Each structure stands twice: as C-alpha cells, then as structure tokens.
Amino acid sequence: MEYVLKLYVTGMTSRSTRAVENVRAFCEKHLEGRYDLQVIDVYQQPALARTEQLIAAPTLIKKLPLPLRRLIGDMSNEDRILVGLDLIPRT
Amino acid sequence: MGDEVSTEEQIRSLTERLNEAEETLRAVRSGEIDAFIVQGPRGEQIFALRSAEQPYRNLVEDMLEGAAILTLEGDIAYCNKRFAELVSVPLEDVVGGSMERFIAGTDRPLYRSLLTAGSGKRRARLAAADGRTIDVLLSFTTSMADEVERRNLIVTDLSELLVAQQQSQAKDEFMAMLAHELRNPLSAITAAVQVLETAKGRESAAARARFIIGRQAKHLSRLVDDLLDVGRVVTGKIALDRRAIDFCDLVRRTAAVFTDREAEHLFSVNVVPAWIDGDTVRIEQIVSNIIGNAVKYTPVGGKVTISLTVEGAEVVLRVEDDGFGITPDLLPHIFDLFVQGVRTLDRSQGGLGIGLTLVRRLVELHNGSVSVSSDGANCGSLFTVRLPKVAAGGAPGTAGDAPRARSCQRRVLIIEDNRDAREMFRMMLELDGHQVIEAEEGFAGLRLLRAESPDVAFIDVGLPGLDGYEIARRFRCEAAANERRVLLVALTGYGTPDALERSRRAGFDHHLIKPVNPEALYRLLNAEDSPKSRTLAATGVAAPERRLYNERLSWCGVEQSGSSSGS
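Protein chains in written order, with the working numbering: chain A, -2 to 88; chain B, 1459 to 2025.
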C-alpha cells in the first residue's frame, strides 16, 4: 500500500526542521519503499497550504490511503505517529 | 438502516475530529509547533512564534552583503549591520534617511531607474560617509508586506573581486611581456653565436658578437634578479644590512658604469661629499635603476644630468634627462608595479616595469623618499631621491672595485652535470690561471674530492647520483679531523633564504647563484690569500649565515669581517 504524505513546515525553524528529520526517519523505518513524502514550506507556497485548512505548523497530512489524517507537532513521538497514520489501531 | 449507517458514520467522523482537535491542543501545549496559520478574508496569514523568525534574521544580519528595505520613494526602512558598515554610518543613523545619498553622483540616475523598476541588478559606486567610493553590485527586488509595497536591496562589495581581476590581468600581461623580454636577449645571443661560427678570421665581427653575448647575458641575469627581488619586495621580505656609506663615491661609481657603457648619451655628474646609512647593494640598486631608467627613456644624443647635494638633514640625488618624459596620466602611476612608459619598437633597452617599484620600496626601507616630475611627453623627466644624511664614516669606497691583480693559482674541482656550464666554467677558471679537475656526477665528484683534496670545490647542488648537499655533508663529516680544509662552494639557481640555509647546514662555505658573477668568483678565489679570510674559511663561517636574506652579497661573501667564530 502506497502512502502519500505531505509535511507542512515554516521554513527552517527549529521544530519544522526537527519534524522533517523525524518524519523521514519514521518513513524509512516503517514505510520503506512504499511512501511518497513532500515537504512544503508554507511561506514559500502559501497557495498549497490554503487548501489544507492548516491550523499550525508543522503539520503532517496523510493523503493516502484514506481516511485523511492530520498530525500536528514535531513528530518526535513514534508511537503517536503510528497511531495517527493508522499503522496500529487506536487503543 | 441507511439512517443508522449515516449516524454511525457521523459519530465516527466526529470522534476523529475530536481526536484531531485533542492532538492539536496537545501539540500546542507541549510546545511542538512553530506557527499558527489563520484564515483571513484575503487568504491565510502565518503567525510565527518569535523563534521562528530568528533564522531569517540571522541570515540577513550575518551575511557579508549589505541589505536594506526601501520605501518606493527610496527611504531606508530597514538595513542590516553590514550595510551600515559599507556606508560608514552608525546603524541608528541610516534608517529613515534616503538611500540616494549613499550613491555616487554620476550613478544616481541608474539607481533611480532601478528603484522605479523594482527589480534588477546593476554595478554602481557607493559614496560612503567617510569619503570612500566603493564599487558594488545593487540587486533590487520587490515584495509586499501588509499590503505595502517595498523594495529589497542587496549591496555586494565588489572591491576585492575587482582588485583580484585587475591583478590577474596585470599578471597575464606581465607574463606575456616577460616571455618577450626573455626572448629578445636569447635571439641576440643565438644570432651572435652564429656570427662567431661564420666569422672566422674576421676578428672585428667576432669581437662584436662576443660583446653582444656578454651584454645580453648580463641583461638576462638582471631580468631574473629583478624578478626575484620584486617577489621579495611585494612580500616585504627584504632585510637591509646597514652601514655608513660614502654616497658620493657610490653615485660616482654607479654613474661610471653607464658613462663607460653608454657613449650614446651626454652625461653630466656633479657630486658633493655625502654619507648615508644604508645597504650598499640596495643603494646601488636604487641609483643604478634610476640612472638606467633615464638612459632607457632618452634618445641617443640626449642629456642625462646626475647631481648630488646636501639639503639640511637630507642627501638629495637628482637624475634629470631630456628624453621622452612622462605623460600626465602616467605620472601618478609611474612607481606602480608593471607600469612602463611607451616602449620603443625594438625594445632594445626593455625591462619588466618593476625597476621603479623596487626603487620606491627600497628608498622607503631606507627612510627616504623618491619623487618624479615631468612636463609631459618629450619634455624629459626628473627623479629625486631624498635620504637621511649621516656623519662621514670610516674607509671610503668600501664596495669599490678593487684593482684586479693576477690571481694566485688554485686547484679547483668542479662537480657539475651540465656539460656546457661545466666546460665554460672550466675555461673561465683556467684562463684565470687555476688548475681544474672536474666530475659530472655526485659519486665520482665525492671520490675526486677525497682523493685530490683541492683548494676549492664548486659543487652544483642538483646532481645525478649523489646531490651536492649530500656530497658536502659526507665530505665534511669525514674530513672533520683534517687540518687542511677544502673550501666548498654551492652552485645553484636558487637564492631564497631557505636555499641559503640549506647550503649552510650541509657544510658549504659559500653559496653562488647561477649565472656565476665573474667578479664575485674572482674575489672568492683570491680572498683566500689573506690570512684572515683563510681563518674565516677554515672556521666555516659562511656568508649566507650573515646575509641570509641577500643572496647578492653572498655571491661575494668573502668580504666579511672575521668577527664570527667558527664551528
């Protein structure tokens, strides 16, 4: 199953850069070879952010597989991402 | 049934949104976010936390370019520290003022058109508050902030870049000229050799050819010397060996070299007794460069007037000619490196354009000054050198040409791998009455040195087999106990302090730089006659030790005092 993920960040701010690192590491560990991750700077591409109804940054959005999921924060908690992306069931 | 599914679906969706909201709150509470994104009537706005802006601020504040945000009218709304430094105005006095005041007058129309256009890059000159004019690149962009249009300006200092470009260009031109300058004497020598071969029986032609070979070889040597010197001048590595000098005598002797040689000009030399504190070799260089320059730029039949006067605390040397003169545009740059006047077609007296640079630097090293004046093209020129006067010193004419006596006969060993150089060197020594043996490679050379124990051994340092340094080391090591000491002289193309030091450490007594100066060679071979210098040689005090930074004197290194103690 192919995962399409979009990570919305605000440039090179500390939590944003941390989120990029964390998500990349997470994907390599749990979704190796079956994910497509795009990192979008909301400063540089505000038009892309508009459609996503973002509240805060960084935000990770799982576009596929459905259902769509949003995760907010620096993605430092691996378990929370596993749950958030429906990789393990919610308790 | 359908309604039930729908309700169930709604509950699931609500639960998900609740989870999401909880997640968001948790992330906000635990400080995991950088910015809030708020939807407004005109799209979203990003509210970054303070830390979120910091990296951009650092980027702009710490960059090496000047950055400023301007209003459409060109007033400075913001600038970074570097910008304030560039225009030499305190940061707090820049903001609020007009940008235009920092643009050089003639570049203001260009600046205004960039400001209006709102985008583009142009080279311009900045007029800093301290009076400097700085070559810069202005890059304009436009951005909107809070519905207000602003101009972003980046100012890049091009000074270093331009200087580097100019230097690189000057170097290229110099290399081209150098090749030309080296080719000229070489072609003269080649032709003269041809004349020697075919002029059998016509002694006058042969004599003329020999004269030309000698003169052009000397010219080549001088070019190479200048090259070596200019390197040291540029890097400030010239050390002076100062002593009281009879300047009057020195000027007279230096002028005599030209008056003897250049019968084509009318010389007038007026000197008064005057003493200065200086390095004989360097002072000679100054005087000879200035007189040589006058000769070079004065047509045949022209006048060269050399005068030496004492004015107050200064000794003043004036060299005036009625030659080509210096055009007003060249005048301010005449002492700059690689600058030369218009050259004559044949360039028979060519040079590298470094002589006057050397002169100025050397004069300054002697706490003096040099100036030039000229009324323009074909109005001649006047060079004036001023040096501090000192009280008259000891024996006058310390560096004078000793009358050449017949040399005493010596047994000389030459170890040199270049056949032609060896042969010519041998002939030179034999004509001077010495007995010569030779070797063309290191091991054979060392064997001869041990077996023959000559008075003097000239050893090329770069030899096949055993190199010259190794020969000296081994020989010195074995011969330490010998009472009779062989004078070891290094022959090399290198005159750097490192090379001199290396020779000294290997155990050489002297360090001769190729091409060997016949005068220095003569002095070296004959100074060994006097008991004092015999002691000097026997105690192993080498000239390089005293004059590490001046290979010229180390050529004739036997003229030192005997004050040093040996090994």
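Here a beta-carbon is modelled for each residue, glycine too, at the ideal position from N, C-alpha and C. None of these values were measured; they are calculated from a predicted model.
Alpha carbons only, please: which of B:1922, B:1538, B:1527, B:1648 is nearest the one belonging to residue 1606 of chain B? For the purposes of this step, residue 1606 of chain B is taken as residue 148 along the second sequence, with counting starting at 1. Checked all of B:1922, B:1538, B:1527, B:1648; the closest Cα to residue 1606 of chain B is B:1527.
Let me see if you follow: with CB-CB separation under 9 angstroms, is residue 1825 of chain B close to chain A or not? By 1-based counting over the second sequence, the position of residue 1825 of chain B is 367. For residue 1825 of chain B, the answer is no, since every Cβ of chain A falls outside 9 angstroms of its Cβ.
Determine which residues share a DSSP beta bridge with residue 1761 of chain B and list them. Position 303 of the second sequence holds residue 1761 of chain B. Per DSSP, B:1724.
DSSP state of residue 1537 of chain B mapped onto helix, strand, coil: For the purposes of this step, residue 1537 of chain B is taken as the residue at position 79 of the second sequence. Strand.
In angstroms, rounded to a whole number, what distance separates the CA positions of residue 1740 of chain B and residue 1596 of chain B? The residue given as residue 1740 of chain B occupies position 282 in the second sequence. The residue given as residue 1596 of chain B occupies position 138 in the second sequence. Distance between the alpha carbons of residue 1740 of chain B and residue 1596 of chain B is about 48 angstroms.
Return the residues of the segment 1518 to 1534 of chain B that lie within a Cβ-Cβ distance of less than 9 angstroms from chain A, sorted by chain order. none
From the DSSP output, in three-state form, read off residue 1947 of chain B for me. For the purposes of this step, residue 1947 of chain B is identified with residue 489 of the second sequence, where counting begins at 1. Note: residue 1947 of chain B maps to strand in three-state DSSP.
Please state whether DSSP places residue 1859 of chain B in a helix, a strand or coil. Position 401 of the second sequence, counted from the first residue, corresponds to residue 1859 of chain B. Any reading at residue 1859 of chain B must be qualified, since the residue scores a pLDDT of 40, below 50, and its modelled position is unreliable; the value itself is stated next. Looking at residue 1859 of chain B - three-state DSSP - the assignment turns out to be coil, as it is neither helix nor strand.
Taking the CB atoms as reference points, tell me whether residue 1491 of chain B and residue 69 of chain A lie closer together than 9 angstroms. Indexing the second sequence from 1 puts residue 1491 of chain B at position 33. Indexing the first sequence from 1 puts residue 69 of chain A at position 72. The answer is yes: Cβ separation under 9 angstroms.
What residues of chain A sit near residue 1482 of chain B, judged by a beta carbon separation below 7 angstroms? The residue labelled residue 1482 of chain B in the question sits at position 24 within the second sequence. Here the neighbours are 52, 53, 69.
Please indicate yes or no: does the CB of residue 1526 of chain B lie closer than 8 angstroms to some heavy atom of the ligand NAP? Only the bare structure without any ligand can be found here, which leaves the ligand NAP out of the picture.
Strictly under 9 angstroms for the Cβ-Cβ distance: is residue 0 of chain A near chain B by that measure? Taking the first sequence and counting its residues from 1, one reaches residue 0 of chain A at position 3. No, residue 0 of chain A does not count as interfacial toward chain B.
What residues from chain A crowd round residue 1486 of chain B, counting only those whose CB sits closer than 8 angstroms? The sequence position of residue 1486 of chain B within the second sequence is 28, counting from 1. Ordered by position in chain A, the residues that pass the 8 angstroms Cβ test against residue 1486 of chain B are 53, 69.
Of the listed residues B:1507, B:1532, B:1539, nearest to residue 1521 of chain B (C-alpha basis): Position 63 of the second sequence holds residue 1521 of chain B. For residue 1521 of chain B, the nearest C-alpha among the options comes from B:1539.
Considering just the uninterrupted stretch of the beta strand (DSSP E) at residue 1614 of chain B, what are its terminal residues? Position 156 of the second sequence, counted from the first residue, corresponds to residue 1614 of chain B. Segment 1606 to 1615, the beta strand (DSSP E) holding residue 1614 of chain B.
Residue-chain proximity (residue 1490 of chain B, chain A), Cβ-Cβ < 9 angstroms: The count along the second sequence starts at 1 and reaches residue 1490 of chain B at position 32. Answer yes: the Cβ-Cβ gap between residue 1490 of chain B and chain A drops below 9 angstroms somewhere.
Within 9 angstroms of chain B by C-beta, residues of the segment 21 to 47 of chain A in sequence order: 39, 40, 43, 44, 46, 47
I'd like the list of long-range same chain contacts for residue 1542 of chain B, defined as Cβ closer than 6 angstroms, with 5 residues on each side in sequence excluded. Numbered from 1 along the second sequence, position 84 holds the residue referred to as residue 1542 of chain B. Excluding sequence neighbours, residue 1542 of chain B sits near 1549, 1552.
Cβ of residue 1448 of chain B within 9 angstroms of Cβ of residue 1820 of chain B? For residue 1448 of chain B there is no data in the structure shown, the boundaries of chain B being 1459 and 2025.
Beta-carbon contacts of residue 54 of chain A that lie in its chain and below 7 angstroms, excluding the five residues immediately before and after: Position 57 of the first sequence, counting from 1, holds the residue named residue 54 of chain A. These residues qualify, in order along the chain: 5, 6, 7, 13, 39.
Helix, strand or coil for residue 1683 of chain B? Go by DSSP, reduced to three states. Here residue 1683 of chain B refers to the residue found at position 225 when the second sequence is read from its first residue. DSSP places residue 1683 of chain B in helix when its eight states are reduced to three.
Who are the Cβ neighbours of residue 1781 of chain B in its own chain at under 6 angstroms, not counting the five residues just before and after it? Taking the first residue of the second sequence as 1, we reach residue 1781 of chain B at position 323. 1755, 1756, 1760, 1838.
As assigned by DSSP and simplified to three states, the class of residue 1920 of chain B: Taking the first residue of the second sequence as 1, we reach residue 1920 of chain B at position 462. In this structure, residue 1920 of chain B counts as coil in the three-state DSSP scheme.
Spatially closest choice to residue 1723 of chain B from B:1779, B:1566, B:1641, by CA coordinates: Taking the second sequence and counting its residues from 1, one reaches residue 1723 of chain B at position 265. That would be B:1779, whose Cα lies nearest to the Cα of residue 1723 of chain B.
Please list the partners that residue 1957 of chain B has in chain A, where partner means a Cβ-to-Cβ separation under 7 angstroms. Reading the second sequence from its first residue, position 499 is the one you call residue 1957 of chain B. Going along chain A, no residue has its Cβ under 7 angstroms from residue 1957 of chain B, so there is no contact; the nearest lies around 54 angstroms.
Just the C-alpha distance for residue 63 of chain A and residue 1 of chain A, rounded to the nearest angstrom, thanks. Residue mapping note: residue 63 of chain A aligns to position 66 of the first sequence, counting from 1. Residue mapping note: residue 1 of chain A aligns to position 4 of the first sequence, counting from 1. In this structure, the alpha-carbon of residue 63 of chain A lies about 10 angstroms from that of residue 1 of chain A.
Contained beta strand (DSSP E) runs [length at least 3] in the segment 1587 to 1658 of chain B, N- to C-terminal order: 1591 to 1603, 1606 to 1615
Should residue 1868 of chain B be labelled buried (16 or more other beta-carbon atoms within 10 Å of its own) or exposed? As a first step, residue 1868 of chain B must be located in the second sequence, where it is residue number 410. It counts as buried.
Whether residue 1663 of chain B touches residue 1657 of chain B by CB criterion (9 angstroms): What you label residue 1663 of chain B is simply residue 205 of the second sequence in a count that begins at 1. What you label residue 1657 of chain B is simply residue 199 of the second sequence in a count that begins at 1. Against a cut-off of 9 angstroms, the Cβ pair of residue 1657 of chain B and residue 1663 of chain B comes out as a contact.
According to the neighbour-count rule (16 or more other Cβ atoms, all chains shown, within 10 Å of its Cβ), is residue 76 of chain A buried or exposed? Locating residue 76 of chain A in the first sequence gives position 79, where the first residue counts as 1. The residue is exposed, with fewer than 16 neighbouring Cβ atoms inside 10 Å.
Close Cβ partners of residue 1894 of chain B (< 7 angstroms) along its chain, the five nearest in sequence each way excluded: As a position in the second sequence, residue 1894 of chain B is number 436, starting the count at 1. Correct list, in chain order: 1870, 1872, 1884, 1887, 1888.
What would DSSP say about residue 1567 of chain B, mapped onto helix, strand or coil? Looking up residue 1567 of chain B in the second sequence gives position 109. Three-state DSSP puts residue 1567 of chain B in a helix.
Would you kindly report the start and end of the unbroken alpha helix (DSSP H) that includes residue 1792 of chain B? Counting from one through the second sequence, the residue named residue 1792 of chain B turns up at place 334. No alpha helix (DSSP H) contains residue 1792 of chain B, which DSSP labels as neither H nor E.
Label residue 1953 of chain B either buried or exposed according to how many other C-beta atoms from any shown protein chain fall within 10 Å of its C-beta, with 16 as the threshold for buried. In the second sequence, the residue the question calls residue 1953 of chain B occupies position 495. Residue 1953 of chain B should be labelled buried.
Proximity to residue 1925 of chain B [Cα-Cα], best of B:1914, B:1955, B:1874: Here residue 1925 of chain B is taken as the residue at index 467 of the second sequence, counted from 1. Of B:1914, B:1955, B:1874, the residue nearest in Cα terms is B:1874.
Along the segment 1784 to 1796 of chain B, where does the CB come closer than 7 angstroms to a CB of chain A? Name the residues. none
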